[in-house]
Each structure stands twice: as C-alpha cells, then as structure tokens.
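Take a look at the structure below.
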C-alpha cells in the first residue's frame, strides 16, 4: 500500500482564539479541522495563512477593478469574466452597510470589520453576455493569480470564504437558476462544485429561496434559507484536493492503473453562519470529484428559462438590473487544520 501521509505541522504562533491539532488524511477522507474561533461579540480576524485576499479596502473605487493591481490592491483579473462591451466600472458597485433594520451585529460582513474592508456588489444587465453565450447573463470575478492549471488554491486543503447579502433594490429573479460561486475545470467542461440559488433547472423541486451548494453531478450537498431582509450570511467551503494529486503522482511513479473500487479521492466541508456569528460546520465532509484543475469564479451567472440549450438560447427578461453583494472574500490555507470561523 501507499506509505502514510504525515500531518502538516503549524509553524504559526498560537493565539487565544486559535486551537491547533494535527490531523491525518485517510483514504476515506475524514478531515477533523482545528478552528480559529473568536467570540461572536468581537470582530473576526483571519487566523490562517492567506492564499488570495479578495477583500476590498475602504478607500477603493469601482475603477480599481479595471486594471491589474488597481490602486495597488486589486487582486482580480481585469479582463474576465464579463460582457465584451463592459468594464468592471459598469458592473461593480461598492455599497454601504446592510440596512439598519436587519438583525443586530450584521451591518458589516464578518471578516471585513476588523481591517476596515468594504463589500462589493456584482451586477448583471442586458449587456452581461460573455463570449456570445446568449443564453446566460453573467459577470464573475477571477483571482488574477488563480491560474487555470497548477493554482495554489487548487491543491492540498484550502478554504474559500465569502459572505453574501441580497440587494433589496436589485433583487434576483428566483424563478431562474443562478450560480454565485463556482469552480470550473481547466477544460471548461464542468464545474467541480457550484454555490447556487434560485430554481435549479434539473431539480425544480428544490426551494428556490435557498443557498445551495451542488457537486459536479448537480447533487445537492446542503441548503439554507436566504436572508430576505438583506442581512449578511457567511459561508466557507473547504475542498480537499491533496489525495487526488498525491495518488495520481504515486500511480505515475509506479506506472499503475488508478484504483477501480470507486473510493473518493477528494471531499468538501461546508460552513455557515448568520450575521456576526462564528461559522459552524454543516454536516461532515462530503466526497466530491474535484479532478480537472481550474479556477474559482465569484459573481452571478443567471441561466435562462424555457430552453434545453441554456448556453445559447432561452428567455431572459429585458432591462435587467440585478445584483448580489459579497463581503469577506478570501482563500486560506487549511493544510495545518486551520479554518478561520
């Protein structure tokens, strides 16, 4: 058999809000994660090594998104993914805090407060047509250094964080299917996982007013009701890529065929909280197929209705003005069992 995988050791100084414990990664993919857990009464801080930081400085402007490292901070790719005739200035809004009427402690995104970051909003319009995909309306932010192959965010154990809240002035039409956060393969032929809302075309029985992660085969992994009052909800996804890559390497070195017993080679763990509450695990780790490298996208992809060819045809309403507000976007390294909650 393969030699055992040694647990990663943390070299970071322990804090009063951080608990560290070593963990093994067995083939059956249980990942006990050590948590960084600040009090719900204090501003949350990132406790784990950052891979990509997509949080927006308080002094940022929409124009910053139009150039690489705009104003010295923009971590996103200025060229993708958007309509050909649009700049990010046409797409990105920088809204203020959540409405005062929402639940206490939730006016600012959980991981934005401590470092004076601000939310961003991705909007879509009639012009949100990417590469002649006439069925979709889409705009998706890509991390500039999230390379399509060999990305530092696509190996080992990483955790993607983002918070989301509805824009009550630019509501989503939940009779449509939306992708909000997703990871697309390098070959652009599949998404390893999607974080979605609205009416899933292949599963109309699922409640439309929920956030729902789905796997590569559109299997529902978990769901939670959307906060329709415009308050913040916090999410994190911890995909484990390491076993797939390690086993591929060992098979290549040994010139052996991959195992045919159907054992999963990767997993995902889902986290959620509302307002300023610490993130909590939602169930256990779930086996998923993360093969194919690729990149994260964060934004909106709205599918049409009334067609079997969602990419190229179908119904989209005109005079479109929809948006979703994001905060606390970052990817951290969880190889040592660390997840900021």
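Residue numbers (mature numbering (1 follows the signal peptide of the UniProt record, and there is no 0)): -36 to -1, 1 to 305.
Note that beta-carbon positions come from the ideal geometry of N, C-alpha and C, so glycine has one too.
Check	Outcome
Close Cβ partners of residue 149 (< 6 Å) along its chain, the five nearest in sequence each way excluded	256 and 258
For residue 188, three-class secondary structure by DSSP	strand
Rounded straight-line distance, which links the Cα of residue 284 to that of residue 292	26 Å
Run of the beta strand (DSSP E) containing residue 15, from where it starts to where it stops	14 to 17
Closest Cα partner of residue 114 within the set 137, 205, 245 and 303	205
Cβ separation of residue 304 and residue 126, assumed to be a contact under 8 Å, to the nearest whole Å	Actually they do not touch by this definition, with Cβ atoms about 12 Å apart.
Ranges of the alpha helix (DSSP H) found wholly within the stretch 35 to 81, counting only runs of at least 4	52 to 55
Span of the beta strand (DSSP E), counted from its first residue to its last, around residue 271	Premise fails: residue 271 is in no beta strand (DSSP E) and is neither H nor E.
Three or more C-beta pairs below 8 Å linking the stretch 10 to 27 and the stretch 127 to 141	no
The stretch 101 to 110 / the stretch 41 to 56 touching (three or more Cβ pairs under 8 Å)	yes
Under the three-state DSSP convention, the category residue 26 falls into	helix
As assigned by DSSP and simplified to three states, the class of residue 202	strand
Nearest residue (CA-CA) to residue 201, options 71, 277 and 156	156
Per-residue DSSP class, three states only, for residue 122	strand
Every unbroken alpha helix (DSSP H) inside the stretch 107 to 176 [4 residues or more]	none
Cβ pair residue 193, residue 138 closer than 9 Å	no
Burial state of residue 282, where buried means 16 or more other Cβ atoms lie within 10 Å	exposed
Own chain partners of residue 263 with C-beta closer than 6 Å, once the 5 adjacent residues on each side are dropped	86, 103, 104 and 105
DSSP-derived helix/strand/coil call for residue 297	strand
Proximity below 9 Å, CB of residue 230 to CB of residue 252	yes
Environment of residue 92 [buried if 16+ CB atoms lie within 10 Å]	buried
As assigned by DSSP and simplified to three states, the class of residue 97	coil
Residue closest to residue 118, alpha-carbon to alpha-carbon, out of 232, 75, 8 and 74	232
CB contact flag (residue 177, residue 166, <9 Å)	no
Assigned exposure category for residue 74 - 16 Cβ within 10 Å defines buried	buried
Residues bridged to residue 103 [DSSP beta-bridge criterion]	264
Integer Cβ distance of residue 41 from residue 28, believed to fall under 8 Å	Between residue 28 and residue 41 the Cβ distance is about 13 Å, and since that is not below 8 Å, they are no contact.
Local Cβ density within 10 Å of residue 72, reported as buried at 16 or more and exposed below that	buried
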